[in-house]
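This report concerns only the one structure given below.
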Amino acid sequence: MFDAYPDSPQINVYSSSFQSSLTIGHLYQHTDHTRGQARGQGISIETQAAANVQGSTVFISVAKHQIPYQILI
6 MFDAYPDSPQ INVYSSSFQS SLTIGHLYQH TDHTRGQARG QGISIETQAA ANVQGSTVFI
66 SVAKHQIPYQ ILI
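So the sequence shown is numbered by our numbering: it starts at 6 and just counts up by one.
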């Protein structure tokens, strides 16, 4: 999905396998094709499966009992 909403573009790749997604740009919560509340800007990788991310600088934000995990690189 490419969302070209004025002044807040984003690209989102989603797979129904483990509800996995990669979002780049302005981050919003989405529900049933509806744009929700703003979450910030950057890269968001979300999955309900096990994942491994490697990089030189990584910030991982995980709230207790929160699924999916949010990894900001």
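The C-beta atom is built at its ideal place from N, Cα and C for all residues, glycine as well. Every value quoted in this text rests on a predicted model; they were computed, and no experiment measured them.
Subject >> Y10 burial status per 10 Å Cβ neighbour count (16 or more: buried) >> reply: Locating residue 10 in the sequence shown gives position 5, where the first residue counts as 1. By the neighbour-count rule (16 or more Cβ atoms within 10 Å), Y10 is not buried but exposed.
Original post:
Does the distance from the CB of S13 to the CB of H31 come in under 8 Å?
Top reply: Here residue 13 refers to the residue found at position 8 when the sequence shown is read from its first residue. Here residue 31 refers to the residue found at position 26 when the sequence shown is read from its first residue. Taking 8 Å as the Cβ cut-off, S13 and H31 qualify as a contacting pair.
Subject >> Own chain partners of G45 with C-beta closer than 6 Å, once the 5 adjacent residues on each side are dropped >> reply: One-based indexing of the sequence shown puts residue 45 at position 40. Short of 6 Å from the beta carbon of G45, and not among the five residues preceding or following it, lie these beta carbons of its own chain, in chain order: L32.
Subject >> 7 Å CB neighbourhood of F23 in its chain, flanking five on each side removed >> reply: Translated into positions along the sequence shown, residue 23 becomes position 18. T52, Q53, A54.
Original post:
Under three-state DSSP, which class holds S82?
Top reply: With the chain represented from 6 up to 78, any question about residue 82 goes unanswered, as that position is not in the structure.
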